[in-house]
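Colleague: Chains A and B, in that order, are what the protein sequence lines are. Under my numbering, think of the first position of the first sequence as 4, with each following residue one higher. Under my numbering, think of the first position of the second sequence as 4, with each following residue one higher. We put the CB at the ideal spot given by N, CA and C, even for glycine. All figures in this text were calculated on a predicted structure; none of them were measured in a lab. Just dropping this structure here.
Protein chains: 2
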Amino acid sequence: MQSQSSGTENAIDSRFRVKRDRMLKAAARCFNLKGYSGTSLKDVADLLGLTDAALYYYVRNKQELVYLCYVRAADVGREAMQRAIDEGENGLETVRRYLRYHIECMVGDQGPIAIMSEIPSLKPEHREEVLELSRRHSAAFEALLERGIADGSIAPCDLRMTGNAIMGSLNWIPKWFHGDPAVAAKVVEEFPRILSAGLTARQQDSAQRK
Amino acid sequence: MQSQSSGTENAIDSRFRVKRDRMLKAAARCFNLKGYSGTSLKDVADLLGLTDAALYYYVRNKQELVYLCYVRAADVGREAMQRAIDEGENGLETVRRYLRYHIECMVGDQGPIAIMSEIPSLKPEHREEVLELSRRHSAAFEALLERGIADGSIAPCDLRMTGNAIMGSLNWIPKWFHGDPAVAAKVVEEFPRILSAGLTARQQDSAQRK
DNA sequence: GCATTATTTTAATCATCATTAAAATTATTG
DNA sequence: CAATAATTTTAATGATGATTAAAATAATGC
Chain A
4 MQSQSSGTEN AIDSRFRVKR DRMLKAAARC FNLKGYSGTS LKDVADLLGL
54 TDAALYYYVR NKQELVYLCY VRAADVGREA MQRAIDEGEN GLETVRRYLR
104 YHIECMVGDQ GPIAIMSEIP SLKPEHREEV LELSRRHSAA FEALLERGIA
154 DGSIAPCDLR MTGNAIMGSL NWIPKWFHGD PAVAAKVVEE FPRILSAGLT
204 ARQQDSAQRK
Chain B
4 MQSQSSGTEN AIDSRFRVKR DRMLKAAARC FNLKGYSGTS LKDVADLLGL
54 TDAALYYYVR NKQELVYLCY VRAADVGREA MQRAIDEGEN GLETVRRYLR
104 YHIECMVGDQ GPIAIMSEIP SLKPEHREEV LELSRRHSAA FEALLERGIA
154 DGSIAPCDLR MTGNAIMGSL NWIPKWFHGD PAVAAKVVEE FPRILSAGLT
204 ARQQDSAQRK
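Spelled out as structure tokens, the structure:
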């Protein structure tokens, strides 16, 4: 049995990680493509040239597979956000960087990122953890908007709604993007601008709220 | 057994329709809230004060329940689009109307609209039908953008990507909106502007494509 | 090469719901 | 009210697919 202990990273552990990571990507692709209920463990296993039972060497059960996919998705988002914050010059520019970095991950070789459609069917601890990660990410994005408003690069707006709008658009990408490299290039190129274009525009009739 | 025949609409048929419609709303709420696999027919039935087996009087099986939810979702979208087209003055204004109308339905008493997350697990005919409805709706939206570009109310942009961005944002709403009326008012108020704000902005470096 | 550990498979088992059939109840109509 | 049709329930049944245990294979370290 795989030790799973932390401590010093040995060859075996790292091989285990790599394989499990491959598994998570395969699972994410299946889930995005065929839905959660529509993908059996056999579907995932087939993609890896394994038998369904073999997956249980890497995860306790199907729920945990989903959970790990979601944690990975959250990680990717958080890293993109951090990198943008580290490099960004002002609010708006940081938002644009974040969008680009995150999208690059989603459509690039970080492989498919799972859409979080099944959070409610996770077990309570996992559900809470994923929800918390999700909330934190939203909050970080809203903070970016706030920063932009403060430095004048972004016009005043409703943080919550603007955040929901932009993040929703982002989250939906895996629904229609399925690996075509030409499309990938286009999304990376177009989306950051499209999604941030409205941020600079003067808002006609609403002042900043909340 | 319910006749289900078309022809003249009698009292029984209409009662049947009303009840089935209630059922679809209950199902949509469950699916959005707990995911497809996470909702059993008993969950839906409980919401209606019925027993799970009773649902089979209205639908052939669970797949058909999903299918009907999706058709209803498509109907709602199509009606919002049509109404906007009928009333809109120019491209941009029609886009705004469409967004408002569609969102009003989603968060209003048309009850929850199901997120189309499980299209792939529909049976082939149903899947094709729903995909076709979906494609048509996207095409209609892109046509709206085109109209706006033609009449000068919308700046040139990539139709496909811009459409994906805006529709994605819209489609994601049921993921975070769960019935709070205060939030409902805010979405209706804010989203159409937020989502259309970028359409008028001059695009820095990209000409219209395709 | 041997011993040990890691990984995968084979072959059941098990649980959960979806589904069905028949009976019971409720509504409608003449 | 009687008769018929509509609706719902009760009580099985069944299928799918997740899960498990034990055995087999492959890899690794000495």
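Hey, could you find the ends of the alpha helix (DSSP H) Lys178 (chain B) is sitting in?
Modeller: 162 to 179
Colleague: Taking one C-beta from the segment 168 to 178 of chain B and one from the segment 96 to 114 of chain B each time, how about it: are there three or more such pairs within less than 8 Å?
Modeller: As far as the Cβ criterion goes, the segment 168 to 178 of chain B touches the segment 96 to 114 of chain B, which means the pair count is three or higher.
Colleague: Check the Cβ of Lys189 (chain A) against every Cβ in chain B and list those closer than 9 Å, keeping chain order.
Modeller: Asp161, Arg163, Met164, Arg212
Colleague: Write down the C-beta distance between Tyr61 (chain B) and Arg23 (chain B) rounded to the nearest angstrom, noting that I regard them as a contact closer than 8 Å.
Modeller: 5 Å
Colleague: Are any of the Cβ atoms in chain B nearer than 8 Å to that of Asn93 (chain A)?
Modeller: no
Colleague: Counting C-beta neighbours from all protein chains within 10 Å, is the total for Pro184 (chain A) 16 or more, i.e. buried, or is it exposed?
Modeller: Classification of Pro184 (chain A): exposed, given that the 10 Å Cβ count is below 16.
Colleague: Might you give, ordered along the chain, the residues of its own chain that have their beta carbon closer than 6 Å to the beta carbon of Lys28 (chain B), omitting 5 neighbours on each side?
Modeller: Gly114
Colleague: Tell me where the alpha helix (DSSP H) around Val62 (chain B) begins and ends.
Modeller: Counting along the chain, Val62 (chain B) falls outside any alpha helix (DSSP H), and DSSP gives it neither H nor E.
Colleague: Taking 8 Å as the threshold (C-beta atoms), are Lys178 (chain A) and Ser124 (chain B) in contact?
Modeller: no
Colleague: Sort B:Gly155, B:Cys108, B:Cys160, B:Glu128 by Cα distance to Met84 (chain B) and report the nearest one.
Modeller: Among B:Gly155, B:Cys108, B:Cys160, B:Glu128, the Cα nearest to that of Met84 (chain B) belongs to B:Cys108.
Colleague: Could you compute how far the alpha carbon of Glu192 (chain B) sits from the alpha carbon of Val186 (chain B)?
Modeller: 10 Å
Colleague: Could you check what DSSP says for Pro115 (chain B) in three-state terms: helix, strand or coil?
Modeller: coil
Colleague: Using beta-carbon positions only, say whether Glu121 (chain B) and Gly201 (chain A) come within less than 8 Å of one another.
Modeller: no
Colleague: Answer yes if the segment 142 to 154 of chain A comes into contact with the segment 62 to 69 of chain A, meaning at least three C-beta pairs across the two stretches below 8 Å, and no otherwise.
Modeller: Cβ pair count under 8 Å is below three, so no.
Colleague: Which chain B residues are close to Ser120 (chain A), counting only those with a beta carbon under 7 Å from its beta carbon?
Modeller: Gly38, Ser120
Colleague: What residues in the segment 167 to 185 of chain B bring their beta carbon closer than 9 Å to a beta carbon of chain A?
Modeller: Asn167, Ala168, Ile169, Met170, Gly171, Ser172, Leu173, Asn174, Trp175, Ile176, Lys178, Trp179, Phe180
Colleague: My understanding is that Tyr70 (chain A) touches His129 (chain A), with C-beta atoms under 8 Å, so please give their C-beta distance in whole angstroms.
Modeller: Contact holds; Cβ gap of about 4 Å.
Colleague: Just how far apart, CA to CA, sit Ala188 (chain A) and Leu148 (chain A)?
Modeller: The straight-line gap from Cα to Cα measures roughly 26 Å.
Colleague: Determine the burial state of Ala77 (chain A): buried for a count of at least 16 other Cβ atoms within 10 Å of its Cβ, exposed for fewer.
Modeller: buried
Colleague: Helix, strand or coil: which one does DSSP assign to Asp183 (chain B)?
Modeller: coil
Colleague: Given a limit of 9 Å on CB to CB distance, which residues of the segment 190 to 202 of chain A reach chain B?
Modeller: Val190, Glu192, Glu193, Phe194, Arg196, Ile197, Leu198, Ser199, Ala200, Gly201, Leu202
Colleague: Provide the residue span of the alpha helix (DSSP H) that contains Asp49 (chain B), from first to last.
Modeller: 44 to 51
Colleague: Just the chain A side, please: which residues come within less than 8 Å of Gly41 (chain B) by C-beta, in chain order?
Modeller: Glu121, Pro123, Ser124
Colleague: In three-state DSSP terms, what is Ile122 (chain A)?
Modeller: helix
Colleague: The alpha helix (DSSP H) spanning Tyr104 (chain A) covers which residue range?
Modeller: Counting along the chain, Tyr104 (chain A) sits inside the alpha helix (DSSP H) bounded by residues 94 to 110.
Colleague: May I ask you to report which of helix, strand or coil DSSP gives Thr54 (chain A)?
Modeller: coil
Colleague: So is Ala142 (chain B) buried or exposed if we call it buried at 16+ other beta carbons inside 10 Å?
Modeller: With fewer than 16 other beta carbons inside 10 angstroms of its own, Ala142 (chain B) counts as exposed.
Colleague: Which residue marks the beginning of the alpha helix (DSSP H) containing Ala142 (chain A), and which one marks its end?
Modeller: Secondary structure note for Ala142 (chain A): its alpha helix (DSSP H) is the uninterrupted segment 127 to 154.
Colleague: Could you give the DSSP three-state label for Ile157 (chain B): helix, strand or coil?
Modeller: coil
Colleague: Note down the Cα distance separating Ile116 (chain B) from Gly52 (chain B), rounded to an integer number of angstroms.
Modeller: 21 Å
Colleague: Label Ser17 (chain B) either buried or exposed according to how many other C-beta atoms from any shown protein chain fall within 10 Å of its C-beta, with 16 as the threshold for buried.
Modeller: Counting Cβ neighbours within 10 Å, Ser17 (chain B) comes out exposed, since fewer than 16 surround it.
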